[in-house]
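Below is one structure; the comments refer to it alone.
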Amino acid sequence: MTQQEIADQLEITRLRVNKIIGLVRAEGAVVVDLRMPMIDCIRLEEELKARFGLEEAMVTPSLQDYEESQRTIGEAAGIMLDAHVSRHHGIGVGWGKTLSYTVRRITERRLKNSWVVGMMGAVTRGSGTNTFELSTALARSLDVECHYLTAPIYCPTSEIRNVLLAHDEIAAVMAKAEAAEVALVSCGDLTHRSPVMPLTIIKENLPELLDMGAVGEVMGCFLDPDGNIVPHPINQSIMALPLEKLKRKPVSILASGGRTKLPIIRAVLRGKYVNRLVTDEVVARALLYES
Numbered sequence: 012m013t014q015q016e017i018a019d020q021l022e023i024t025r026l027r028v029n030k031i032i033g034l035v036r037a038e039g040a041v042v043v044d045l046r047m048p049m050i051d052c053i054r055l056e057e058e059l060k061a062r063f064g065l066e067e068a069m070v071t072p073s074l075q076d077y078e079e080s081q082r083t084i085g086e087a088a089g090i091m092l093d094a095h096v097s098r099h100h101g102i103g104v105g106w107g108k109t110l111s112y113t114v115r116r117i118t119e120r121r122l123k124n125s126w127v128v129g130m131m132g133a134v135t136r137g138s139g140t141n142t143f144e145l146s147t148a149l150a151r152s153l154d155v156e157c158h159y160l161t162a163p164i165y166c167p168t169s170e171i172r173n174v175l176l177a178h179d180e181i182a183a184v185m186a187k188a189e190a191a192e193v194a195l196v197s198c199g200d201l202t203h204r205s206p207v208m209p210l211t212i213i214k215e216n217l218p219e220l221l222d223m224g225a226v227g228e229v230m231g232c233f234l235d236p237d238g239n240i241v242p243h244p245i246n247q248s249i250m251a252l253p254l255e256k257l258k259r260k261p262v263s264i265l266a267s268g269g270r271t272k273l274p275i276i277r278a279v280l281r282g283k284y285v286n287r288l289v290t291d292e293v294v295a296r297a298l299l300y301e302s
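In my numbering, the protein residues as written are 12 to 302.
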């Protein structure tokens, strides 16, 4: 049953239902345990692993409600992440609404000899999906230190980015991001839902990015349909772990879904920037059966 169906039955707004669910989750009154032994999803997972050379794949049933779909994907990614955090040192975190559900799903524990690090700079507004907020929430659940890349996601120029990277504190955090053995990322399309789209620097450069074939971004870096980094100056000014270094992580999880994100999800997989995927059934089928 969707949140809207619950709202209709109780004669209240969907927003009210969402808030009530959030409150009871926070109080521990409700625990959501995803169990999806669906033959079709399992088959799609195996096909995705074979097609894209993935170590793991999780496919969730597609839902009509976009926010519920994000929640389901995020919580499934939390299950995947939960299995790795105790076996590896350091967890790097990206940003996005989907990941906000992932960090809530992590089992609270005390990790030894580990840390959490934000792998990218941030935007100036807090929304619960910013890399600073996600990193903090995850570190609190695991009782570990948290390190922040305290800079904007996009610098005005590549020269300014290089100056910032030369700063001892920022260089130390970037080294932590590089050393982290686990990475959790999402990706953004070019619609209003993407966290980068409201940024002035993106609005000003979007026409050029589109002309160059950009289909979306991961870690703030814009890719073309084949997973190549678009040769635009904005991609030289990103304050984030470079994608080539993301590619080397022992565990790298992309948690993202929704039909509008299909081109960028496919691009990330073609570029082999991650070795694990959590997505929905509609996207999984499209990745496998649509050119």
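Note that beta-carbon positions come from the ideal geometry of N, C-alpha and C, so glycine has one too. Since the structure is predicted, the reported quantities are computational estimates derived from the model, not experimental observations.
Looking only at Ala162, Ala148 and His100, the smallest Cα-Cα distance to Thr118 is reached by Ala148. In this structure, the alpha-carbon of Ile32 lies about 13 Å from that of Tyr112.
In the DSSP annotation of this structure, Met230 is not part of any beta strand (DSSP E), being labelled neither H nor E.
When DSSP assignments are scanned along the stretch 105-132, the uninterrupted stretches of alpha helix (DSSP H) that are 4 or more residues long and fall wholly within it turn out to be 108-116. Relative to the Cα of Met91, the nearest Cα in the group Lys108, Ile102, Ala68 and His99 belongs to Ala68.
Under DSSP, Ser263 shares a beta bridge with Ala194.
In this structure, Ser248 is the residue among Glu16, Ser248, Ile84 and Glu66 with its C-alpha nearest to the C-alpha of Ser169. In the structure shown, the three-state DSSP call for Thr290 is strand.
With contacts defined by Cβ atoms closer than 8 Å, Ala162 and Gly227 do not form a contacting pair. By the neighbour-count criterion, in which a residue is buried when 16 or more other Cβ atoms sit within 10 angstroms of its Cβ, Asn239 is exposed.
With a threshold of 16 other beta carbon atoms within 10 Å, Tyr284 meets it and is buried. Residues Leu175 of the same chain have their beta carbon placed closer than 6 Å to that of Ile181, with the five preceding and five following residues left out of the count.
The three-state reading of DSSP puts Gly85 in helix, counting H, G and I together.
Note: Cys52 is not bridge-paired with any residue in the DSSP secondary-structure output. In the DSSP annotation of this structure, Ala68 is not part of any alpha helix (DSSP H); the continuous beta strand (DSSP E) holding it starts and ends at Glu67 to Thr71.
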